[in-house]
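Read through the structure below, which is laid out as structure tokens, and then see the notes.
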């Protein structure tokens with residue numbers, strides 16, 4: 004792979020000689036590379052590597068992330084599905100979850116049976132927790148600590 008300076012020299016040599024085979028042999032590249040770089044120079048005016056434009060583009064823009072942050076601040080117990088619905092996004096739950104974690108929030112979810120566990124105590128169990136005078140030692144109260 005050629006560095007930016009070598010690319011510029013290659014294009015200059017081709018523009019002077021118009022002989023792709025000689026230039027390719029001199030720079031130890033194929034003739035298609037010479038033609039490609041020459042075309043790139045005519046098209047864009049530069050033969051530099053464009054590293055910032057490579058790779059997959061992010062699914063969420065900075066504006067989307069700010070909107071998600073505002074939603075979480077306004078409603079801290081909002082779910083991932085509600086965020087997607089309110090924002091009108093067409094991305095996966097996992098993408099939004101990673102974005103929420105990236106914003107510094109901790110993603111917590113209740114266990115499957117958490118709602119069922121929140122129940123009123125049985126009367127018999129409640130009486131035994133209150134304690135009786137004969138079960139406590141003298142000088143102790145019902146509160147530990």
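In our numbering, the protein residues as written are 4 to 148.
Note that beta-carbon positions come from the ideal geometry of N, C-alpha and C, so glycine has one too.
Is the Cβ-Cβ distance between residue i and residue j less than 9 Å?
{"i": "residue 68", "j": "residue 105", "result": "yes"}
{"i": "residue 34", "j": "residue 19", "result": "no"}
{"i": "residue 52", "j": "residue 7", "result": "yes"}
For residue i, I'd like the list of residues in its chain whose CB is within less than 8 Å of its CB, leaving aside the five on either flank, ordered along the chain.
{"i": "residue 14", "result": "40, 41, 44 and 50"}
{"i": "residue 11", "result": "50"}
{"i": "residue 108", "result": "75"}
So, at 6 Å on beta carbons, what are the nonlocal neighbours of residue i in its own chain, with the 5 sequence-adjacent residues on each side left out?
{"i": "residue 62", "result": "94 and 98"}
Mapping the DSSP letters down to three states, classify residue i as helix, strand or coil.
{"i": "residue 82", "result": "coil"}
{"i": "residue 2", "result": "With the chain covering 4 to 148 only, the question about residue 2 has no answer from this structure."}
{"i": "residue 107", "result": "coil"}
{"i": "residue 58", "result": "coil"}
{"i": "residue 32", "result": "coil"}
Could you name the residues of the same chain whose beta carbon sits closer than 7 Å to that of residue i, not counting the 5 residues immediately before and after it, in chain order?
{"i": "residue 37", "result": "13, 17, 23, 26 and 27"}
Look at the alpha carbon of residue i and the alpha carbon of residue j, and state the distance between them as a whole number of angstroms.
{"i": "residue 86", "j": "residue 32", "result": "51 Å"}
{"i": "residue 59", "j": "residue 9", "result": "28 Å"}
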